[in-house]
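Undergrad: If you count by the numbering used here, then the sequence shown holds residues -19 to 338, one letter each, in order.
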Amino acid sequence: MAEIHIQEVRKTFGKVVAVNNVELTIHDQEFMVLLGPSGCGKTTLLRCLAGLEDVDSGRILINNEDVTEYPPRNRHIAMVFQSYAIFPHLSVFENIAFGLRMQHLPKKEIEKKVGSAAELLQIENLLERFPAQISGGQRQRVAVARAITVEADVLLMDEPLSNLDALLRLEMRAELKRLINELHTTVVYVTHDQVEALSLGDRIAVMKSGNLLQVDKPLEVYDHPATEFIGGFIGNPPMNFLPAVIDTGGVHVGETDLSLDLLPEGYKHPGSAQNVKIGIRAENVKVLRGPEKNALMGKIFVVEPLGSTNLLTVVVGKEYIKVNTHPTENFQAGEEIWMQMDSNKISWMDVETGVTLV
Ligand SMILES: Nc1ncnc2c1ncn2[C@@H]1O[C@H](COP(=O)(O)OP(=O)(O)O)[C@@H](O)[C@H]1O
Ligand SMILES: [Mg+2]
């Protein structure tokens, strides 16, 4: 049982503001992913949680207990690092047992706990070996096994899969998800990989330059990014952005006039013409061969068959956007097409700030 409250936590290194007044609540047994580009402060925030960094200001509460001044060992936290940090001179068994030995548990109990963690991670047959005698993926399992044996209230993981090759990463990602489901632990998981974040997180906290931008369920972050940056960072391909002007007559994208009906409920027109960006994902555009109401005209620049979908790059005025079509539709480069955007899936963003309007 562990609920975490991060309250206005700030951490600087000289002039660098690594974590800027971050406010975040992580629920008991939640899998929270911290996502953001390299250097945005993810590791620093995690290390503050673990007590490996002193915060400049703010507080960290675990189960409503203020642990801000506590040393790491008093926080009931286990951590898995990016570089697996397993000891080369210790056998797999001793590596997994490390935390338990620190707790001075009886020998029998250590054997039992190491055995069950090893079983869970399917490395029972490696216990006698040394790290140099096992693969990268297996070393990663050892690091995870060691972290879970201590049965901490909170499990912190910092890019635990980033040292693995692509195939192994996919496999370990699914395994981790299953494993953590079974553990009923509160997890804070750091990654710069948006697919990993979408696949693993109960919620995703998106960071940029030390700031927390959005905290939401994966599909919510994907469908309704709070800013242009998030729409562009999450998803493959990234969200498309088209400059547009909204006035009392309609939504104007280049030469095309679209209906005000596309605007969401709750949109308030500022009175004068408003410059915005329309954010729309490749799969939320219907591609047609002839003109239709509320359809943007474009010319296909290139077609990329990706197996399950054909990805089209389309020139709309001066902009290039990407849209998905079914492979059987057989669109060709050079064709003129018309595109209807799903109004429920459009993000309307302020042209200056990139912040979503409604
Ligand atoms: N020990 C440190 N000393 C000085 N600067 C640091 C230190 N640790 C991190 N930083 C800086 O803080 C910022 C955030 O780093 P970090 O938390 O490692 O980002 P991330 O994990 O998101 O890649 C970066 O600008 C980084 O250079
Ligand atoms: Mg990092």
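Glycine included, C-beta positions come from ideal geometry on N, C-alpha and C.
#1: Work out the CA separation of GLY246 and ASN75 for me, nearest whole Å.
#2: Need the endpoints of the beta strand (DSSP E) that MET152 sits in, please.
#3: Return the CA-CA distance between THR333 and MET(-19), expressed in angstroms with no decimal places.
#4: Count Cβ pairs between the stretch 2 to 9 and the stretch 46 to 57 that sit closer than 8 Å; are there 3 or more?
#5: So what does DSSP say about TYR50, is it helix, strand or coil?
#6: Tell me the rounded alpha-carbon separation between VAL303 and ARG183.
#7: What are the boundary residues of the beta strand (DSSP E) that includes GLU316?
#8: Mark GLN83 as exposed unless 16 or more other C-beta atoms lie within 10 angstroms of its C-beta, in which case mark it buried.
#9: Using CA atoms only, rank isn't needed, just tell me which of ILE90, LEU136, PHE73, VAL130 is closest to ASN105.
#10: Tell me whether PHE67 is buried or exposed, calling it buried when 16 or more other Cβ atoms sit within 10 Å of its Cβ.
#11: By alpha-carbon positions, which one of HIS164, SER288, ALA185 ends up nearest to LYS22?
#12: What is the rounded straight-line gap between the Cα of ALA112 and the Cα of ASN310?
#13: Applying the 10 Å Cβ sphere with the 16-neighbour rule, what's the burial state of VAL2?
#14: Quick one: give me the first and last residue of the beta strand (DSSP E) that MET(-19) is part of.
#15: With ASN274 and GLN312 assumed to form a contact (beta carbons below 8 Å), what rounded beta-carbon distance in angstroms separates them?
TA: This is what the structure gives:
#1: 57 Å
#2: Segment 146 to 163 is the alpha helix (DSSP H) holding MET152; no beta strand (DSSP E) there.
#3: 40 Å
#4: no
#5: coil
#6: 27 Å
#7: 316 to 321
#8: exposed
#9: PHE73
#10: exposed
#11: ALA185
#12: 52 Å
#13: buried
#14: Note, MET(-19): premise wrong, no beta strand (DSSP E); not H, not E.
#15: No, ASN274 and GLN312 are not in contact; Cβ-Cβ is about 24 Å, not under 8 Å.
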